[in-house]
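Number of protein chains: 2
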Amino acid sequence: MPTPTATWIDGVRAEALPLPDRALAFGDGLFETLLLYHGDPLFTELHMQRLQRGLQVLVFPDCLATASEQLQVAAGAVRKLGWPWAALRLTISRGPGPRGYAPPVATKPRVIISASELSDDCQQMAAAATLSLATVRWPTQPALAGLKHLNRLEQVLAAAECRAAGTDEAVMLDQSGQVVSVVAGNLFLLHEERLQTPVLRDCGIAGTRRRLVIEQWATALGLPVQESTLSLQDLESADEVFYCNSLKGLRPVASFGQRHWSSHTVCQALFEQYQRGLP
Amino acid sequence: MPTPTATWIDGVRAEALPLPDRALAFGDGLFETLLLYHGDPLFTELHMQRLQRGLQVLVFPDCLATASEQLQVAAGAVRKLGWPWAALRLTISRGPGPRGYAPPVATKPRVIISASELSDDCQQMAAAATLSLATVRWPTQPALAGLKHLNRLEQVLAAAECRAAGTDEAVMLDQSGQVVSVVAGNLFLLHEERLQTPVLRDCGIAGTRRRLVIEQWATALGLPVQESTLSLQDLESADEVFYCNSLKGLRPVASFGQRHWSSHTVCQALFEQYQRGLP
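Protein sequences appear in the order of chains A and B. Per numbering that gives the first Met the number 0: the first sequence = residues 0 to 278. Per numbering that gives the first Met the number 0: the second sequence = residues 0 to 278.
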């Protein structure tokens, strides 16, 4: 059975995108994936802050207030639909435009929102994940690193590899072979009571939950966190590994290839911090 | 007045794209821009060869025959519309799919074709172009280099810079500062009766007209061509510079910053080779 889904374009229920559209043509836009609990979007401010940074870098006209309003409209509709947990994808496209790469002089961005019911109880920590290694690597692009823009082919290809490998997630490296992330989440390694997470200077997405771990949850537990250049050896020698994203919160890692982890103590403790922020 | 345009999805005239669509969500797809003369697509085989390579790399089901058929349908319609010259954009999206990066197990690619009338007489060589330098650089991604996929944010940003600079085109560099291309075209430099063009190992698009210059037109003139790593100094010290793309064929370069070129002899001779291939 397909997942129940509802879509809005510029605040109106829609089933099709008017053409032309630059997000379709060039990936010219940004997105956010928000977790909704009974129609309430969680950690909205962090999502909007990342979106705002992206709008600035891509030189979009300011449409953050409009996007926020339309998010509330869609969230209200999800509330009425009675979905306990939902994933809401908020996409901002640069909108229509004439042929060619150059953005139109008078840009009218479009807000495309799609909400899907989730079957999981997102208040519970997911079972520990198995990881494989994706052969496709992140591109080197410091100008766009950290942003959640619409150019996501590497993650698409890595997700296909992950499925073929039969694991829950796949580790993605940068062009020099350093560890960056999993396909849909930021990685954290525990080494001697210290957390480390890959620095996102040249690639990767700066996740909202990554930010919460660094700025709030680890601090609450008295755990130091460092953004570092991390190798596969660092990953394999870690005492504990977990990843985070907006839908799962934090998820412990059970294995990466032949390496297995049975302790998920720190992830569990951080998940309890996360749970406190849930409604 | 907006350019007359017509759009087809899966062979049927359309004005909107059914949602969800993975080209919109992730830039999960490929495209080609073909030049049509009275409804006849030019150099179709080269476009289809690049498309086929892209379909393989992105692990799409083989849909080349379908795309070719739909190209013919659209081209036939353009013929009836009576447009002397037209640009036809053929986009292949991975099509619909559930939430998340992983491609659907049963992928049904979509063929989206959009044709626009061109006001230029494409049988004539365009006036020599002025070039500026874009600050945004190509991402390093050998796995996708050469392909015309839908992740094109860098060219969008470079095109915006180019407009702000007031030039016809902008030079784009790779992450190490070597010359790769202009925003919408491949560059060629003449040094002492030899042509050089940037090697596209880590980034850039392997243009159909670039291939024709290398494999046919330069040979016809007895000019050696080399794919090389090329610096800004190599560009500035060139005896002659031109770029090529599917709509302009070859276009001479008049200036890059303070450097001016008045001789376009080789570009002119190559353009005559190109003209012979036109109907």
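Built from N, CA and C at the ideal position, the CB exists for glycine as well.
Check	Outcome
Where A:Val77 sits in the DSSP three-state scheme	helix
N- and C-terminal bounds of the beta strand (DSSP E) containing A:Phe25	Careful: A:Phe25 lies outside any beta strand (DSSP E), inside the alpha helix (DSSP H) at Arg21 to Phe25.
Cutoff 8 Å: B:Arg109 Cβ touching any chain A Cβ	no
Nearest neighbour of B:Gln232, chosen from B:His190, B:Gly10, B:Ala85 and B:Leu156 [CA to CA]	B:His190
Backbone secondary structure at A:His148 - three-state DSSP	strand
Which of helix, strand or coil DSSP assigns to B:Val265	helix
B:Thr32 versus B:Phe25: straight-line alpha-carbon distance, rounded	20 Å
Residues of the region 132 to 165 of chain B whose Cβ lies closer than 9 Å to any Cβ of chain A, in chain order	Thr134, Val135, Arg136, Trp137, Pro138, Thr139, Gln140, Pro141, Ala142, Leu143, His148, Leu149, Asn150, Arg151, Leu152, Glu153, Gln154, Val155, Leu156, Ala157, Ala158, Ala159, Cys161 and Arg162
Contact with chain A by B:Thr129, beta-carbon distance below 8 Å	no
Residue(s) in a DSSP beta bridge with A:Leu222	For A:Leu222, which the question treats as bridged, DSSP gives no partner whatsoever.
Beta-bridge partners of A:Ile8, as assigned by DSSP	A:Val11 and A:Ile111
Where the beta strand (DSSP E) containing B:Arg210 begins and where it ends	Run containing B:Arg210: none in the beta strand (DSSP E); it sits in the alpha helix (DSSP H), Thr207 to Leu211.
Alpha helix (DSSP H) segment containing B:His46, residue limits	Thr43 to Val56
Sufficient close CB pairs (3 or more, under 8 Å) joining the region 150 to 160 of chain B to the region 54 to 70 of chain A	yes
Rounded C-alpha distance that separates A:Glu235 from A:Leu188	9 Å
Per-residue burial, A:Ala163 [other beta carbons within 10 Å of its own, 16 or more giving buried]	exposed
Rounded separation between B:Phe42 and B:Ala74 - CA only	13 Å
Residues that DSSP places opposite A:Gln195 in a beta bridge	A:Leu188 and A:Gln225
Listed by chain order, chain A residues near B:Leu16 by CB distance under 9 Å	Ala15, Leu16, Pro17, Leu18, Asp20 and Leu23
Any 3 or more C-beta pairs closer than 8 Å across the region 131 to 148 of chain B and the region 257 to 268 of chain B	no
Distance CB(B:Leu132)-CB(B:Ala169) smaller than 8 Å	yes
Beta carbon proximity, A:Gln69 to chain B, threshold 8 Å	no
Distance, B:Arg193 Cα to B:Pro223 Cα	5 Å
Bridge-paired residues (DSSP) for B:Ala86	B:Leu34 and B:Ser115
Buried versus exposed call for A:Ala219 [16 or more other C-beta atoms within 10 Å across all chains shown]	exposed
Local Cβ density within 10 Å of B:Ser175, reported as buried at 16 or more and exposed below that	exposed
8 Å Cβ cutoff, B:Ser227 in contact with chain A	no
Contacting positions in the region 90 to 105 of chain A - beta carbon closer than 9 Å to chain B	Thr90, Ser92, Arg93, Pro97, Arg98, Gly99, Tyr100, Ala101, Pro102 and Val104
Nearest-angstrom Cβ-Cβ length linking B:Leu63 and B:Gln51, presumed shorter than 8 Å	5 Å
As assigned by DSSP and simplified to three states, the class of A:Phe241	strand
Spatial distance of A:Leu80 from A:Glu214 (CA atoms)	34 Å
Neighbouring residues, chain B, relative to A:Asp27 (Cβ below 7 Å)	Leu152 and Val155
A:Thr2: contacting residues in chain B (beta-carbon distance under 9 Å)	Pro97 and Arg98
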